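Notes follow once the structure below has been shown.
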Amino acid sequence: MAEQLEVKELDQVVVRFSGDSGDGMQLAGNIFSTVSATVGNGISTFPDYPADIRAPQGSLTGVSGFQVHIGAGKVYTPGDLCDVLVAMNAAALKTQYRYAKPQATIIIDTDSFGPNDLKKAAFQTDDYLGEMGIDPDRVVQCPLTTMVKDCLADSGMDNKAVLKCRNMFALGLVCWLFNRDLDLVANFLREKFAKKPAIAENNIKVVQAGYDYGHNTHASVPATYRIDSKEKVPGRYMDITGNKATAYGLIAAAEKAGLRLYLGSYPITPATDILHELSKHKSCGVITVQCEDEISGCASSVGAAFAGALAATSTSGPGICLKSEAINLAVIDELPLVIIDVQRGGPSTGLPTKSEQTDLLQALYGRNGESPIPVIAATSPTDCFDAVYSAAKIALEHLTPVILLTDAFIANGSAAWKLPKMEELPTIKPHYATPEMKDHYTPYFRDEETKVRYWAVPGMEGYTHILGGLEKDGKTGAISTDPENHDMMTRLRAEKVAKIPVPDLEVAGDADADLLIVGFGSTYGHLYSAMEELQKKGYKVAHTQFKFINPLPKNTADVLLHYKKVVVAEQNMGQLAAYLRSKVDGFVPEQFNQVKGQPFVVSELVNAFEDILKK
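Under the numbering used here, residues 560 to 1174 are what the sequence shown spells out, in order.
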């Protein structure tokens, strides 16, 4: 029996799985993060994969990565650099080593470092570790492919199927390193491959083999590790991606409002998973239609809104361009519609699998005419649930299309999520026409306080009306080209949006801070972490994050003008900063802008903000 290694307690750890895009790194990382969330750890994940459908095997451009940050308490980012790097081939080591800490443990499959593999990865010699300056003592050199073949020799699986199980051996080894319960892994695999139990059991066998390899050989590491949760809040938890949380939020909002949910969509990276997830929930009354293009996806949703459904459409930046005319129809008809924009790198096709925040001004202004729309930006994978629920509530109660901005980082990333109880969610009361309006109803009769029109849906006897893209008379609902009426209707549509109540900005950190860090949406975790790091260095720093962008919170000017210095950090060329300057007189912020298709790096933020503080 192997000697028992010391088990060290850790507060947090970052693990990065990497290999060919067909090596199952996303699945291995997803299982490890799910198991960690199940035992109460805080998690934050970052799937980082190429846009190629299938790059040449072993090529530098075909490497797929999955990084997960696990903590005893709450974690806010996937981590700048990893403590453990799994590199399934030479190309993975070559491209992913830059994401590893100098002292990181590296696990490699030595069977995938042959002469041809090294050539594809552009290594100059067969001393690949020396060439990269990697200390061999930090490397677990494992003939992983050989051991998987031996493990499944009697399984009846062909060679191609056997090789697909290599990721499970690596997962088993990592589970051993962090003392994870393999029963949780087995449960995950049996559920995932419920219709193929033989595949599930073979994968479970390989996971166990990887675990046993670590246990029996100690894998050249000085200790194994444990990350125990410090605070456990009772409840049911799951590891959830932003896209899945968005889908669940729409279902919850429809249920709360007593409406059918309709999603008209067209597949586009990285938003497609919302359509896929909602299509599984017909039992909840969900209707999904995969339309022939982006335009019809949005137009069909406008029709569903007219018919009385909670209507939504999901897309990314290129789709928002195409949907703009149909969105404008919802603006002038004043119909409730939730538009989900999962932002990606652009312009044009750009970086389809990478993340940016470059659609903000398009969301605010990217339509013809004066067409104000509420805009909300989710701050994390789990916040996607709350953000889309808020978007649906605003749409139904204020009769307006609403744009929700997420992005590839939080849509594909995941975190531990406590399932909410329906009775604890805010009420949603659609702004329906009243019984007193029967036989006297006109479509643009409004509430005097909120300026919201009253919603009548087809089938309500005595509420017959017509909506359309031509301007209507505010009193009769008939087509009107009267200049004064158009001016009035334009102002009413803007006033209605401006009157929507949104929460005040919350400021974290030092009340008398010398620097306020400002961001919006998905950069929350990185900016908050940067604030904490600067405080550890003795600086007085504060942070606020915009989730509601149109209308802005009422205390926006008070917050932004209160501090000596303000820096607006965003993954674009300064869109939020420009918007805030236009809305807040006298606001002249510093800016930090990156457009790399990658999440912020906390250490880079700290250095940049420290420079601003020293000015």
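All C-beta atoms, glycine included, are put in the ideal place defined by N, C-alpha and C.
Values in this document were obtained by computation on a predicted structure and should not be read as measured data.
Report yes if the C-beta distance between residue 1139 and residue 1127 is below 8 Å; otherwise report no.
The Cβ atoms of residue 1139 and residue 1127 lie closer than 8 Å to each other.
Evaluate the contact criterion for the stretch 815-835 versus the stretch 863-875: three or more CB pairs, one atom per stretch, below 8 Å.
Yes, the stretch 815-835 touches the stretch 863-875.
Restricting to runs no shorter than 4 residues, where is the alpha helix (DSSP H) found entirely within the stretch 1065-1139?
Segments of the alpha helix (DSSP H) lying fully in the stretch 1065-1139: 1083-1095, 1115-1119.
Please classify residue 776 as buried or exposed, where buried requires at least 16 neighbouring CB atoms within 10 angstroms.
Answer is exposed; the Cβ neighbour count stays below 16.
On the CB-based measure, 16 or more other CB atoms within 10 Å of its CB, does residue 900 come out buried or exposed?
Residue 900 should be labelled buried.
Length of the line joining the Cα atoms of residue 687 and residue 1149:
Using only the alpha carbons, I get a separation of about 44 Å.
Rank 701, 682, 1023 by C-alpha distance to the C-alpha of residue 674 and give the top, closest one.
Considering only alpha carbons, the answer is 682.
Which residues does DSSP list as the beta-bridge partners of residue 848?
Residue 848 pairs with 823.
Just the C-alpha distance for residue 1093 and residue 1158, rounded to the nearest angstrom, thanks.
The alpha-carbon atoms of residue 1093 and residue 1158 are separated by roughly 19 Å.
Using three-state DSSP, classify residue 886 as helix, strand or coil.
For residue 886, the secondary structure class from DSSP, reduced to helix, strand or coil, is helix.
Output the boundary residues of the alpha helix (DSSP H) element that contains residue 718.
Per DSSP, the continuous alpha helix (DSSP H) segment holding residue 718 begins and ends at 718-722.
Inter-residue spacing [alpha-carbon to alpha-carbon] between residue 560 and residue 771
Caution is warranted here: a pLDDT of 43 is assigned to residue 560, below 50, making its placement in the model unreliable, and no coordinate value can be reported.
What number of angstroms, rounded off, separates the C-alpha of residue 622 from the C-alpha of residue 831?
The straight-line gap from Cα to Cα measures roughly 22 Å.
Could you check what DSSP says for residue 560 in three-state terms: helix, strand or coil?
The pLDDT assigned to residue 560 is 43, lower than 50, so where the model puts this residue is not dependable, and the model offers no usable value.
Cβ-Cβ separation, residue 913 to residue 967 (assumed contact under 8 Å), whole Å:
Cβ atoms of residue 967 and residue 913 come within 8 Å of each other, at about 6 Å.
By how many angstroms is the C-alpha of residue 1165 removed from the C-alpha of residue 563?
Their backbone Cα atoms lie some 41 Å apart in a straight line.
From residue 921 to residue 996, what does the alpha carbon distance come to, in whole angstroms?
Answer to the nearest angstrom: the Cα atoms are 38 Å apart.
To the nearest angstrom, report how far apart residue 1025 and residue 916 are at their CA atoms.
Per the coordinates, the alpha-carbon of residue 1025 lies some 38 Å from the alpha-carbon of residue 916.
Cβ pair residue 701, residue 765 closer than 8 Å
No, the Cβ-Cβ distance between residue 701 and residue 765 is not below 8 Å.
Nearest to residue 802 by CA position, among 1044, 1129, 598, 973, is which residue?
Closest by alpha carbon: 973.
Buried or exposed: where does residue 859 fall if 16 or more other Cβ atoms within 10 Å of its Cβ makes it buried?
Residue 859 should be labelled buried.
In chain order, what residues of the same chain have a beta carbon less than 8 Å from the beta carbon of residue 1017, not counting five sequence neighbours either side?
Here residue 1017 has 865, 866, 867 as same chain residues with Cβ atoms under 8 Å from its own Cβ, once five neighbours each way along the sequence are excluded.
According to DSSP, is residue 713 helix, strand or coil?
Correct three-state label for residue 713: coil.
Alpha carbon to alpha carbon, what distance is there between residue 639 and residue 1162?
Between the C-alpha atoms of residue 1162 and residue 639 there is a straight-line separation of about 8 Å.
Contacting residues, own chain, Cβ-Cβ under 7 Å from residue 1003 (five flanking each side not counted):
Here residue 1003 has 1012, 1031, 1033, 1036 as same chain residues with Cβ atoms under 7 Å from its own Cβ, once five neighbours each way along the sequence are excluded.
Quick one: grab the DSSP three-state call for residue 919.
In the structure shown, residue 919 sits in a helix (DSSP, three-state: H, G or I).
Is residue 820 closer than 8 Å to residue 869 when the C-beta atoms are compared?
For residue 869 and residue 820, yes; Cβs fall inside 8 Å.
Check residue 1030 in the structure and name its three-state DSSP category.
Residue 1030: coil per DSSP, three-state reduction.
With which residues is residue 1180 paired in a DSSP beta bridge?
Lying before the first or after the last residue shown, residue 1180 is absent from the chain, which here runs from 560 to 1174.
Just how far apart, CA to CA, sit residue 739 and residue 955?
Those two C-alpha atoms are separated by around 45 Å.
Taking all protein chains shown into account, do 16 or more other C-beta atoms lie within 10 angstroms of the C-beta of residue 1147, making it buried, or fewer, making it exposed?
Counting other Cβ atoms within 10 Å of its Cβ, residue 1147 stays below 16 and is therefore classed as exposed.
With respect to 7 Å, is the separation between the Cβ of residue 630 and the closest non-hydrogen atom of the ligand ATP below this value?
Ligands displayed in this structure: none; no statement on the ligand ATP is therefore possible.
Taking only the alpha-carbon atoms, compute the straight-line gap between residue 631 and residue 789 and give it to the nearest angstrom.
Roughly 5 Å between the two C-alpha positions.
Among 1040, 1103, 1029, which residue has its Cα nearest to the Cα of residue 1063?
Distances from the alpha-carbon of residue 1063 to those of 1040, 1103, 1029 put 1103 closest.
Verify whether the separation of the beta carbon atoms of residue 947 and residue 805 is less than 8 Å.
The criterion of a C-beta distance shorter than 8 Å is satisfied by residue 947 and residue 805.
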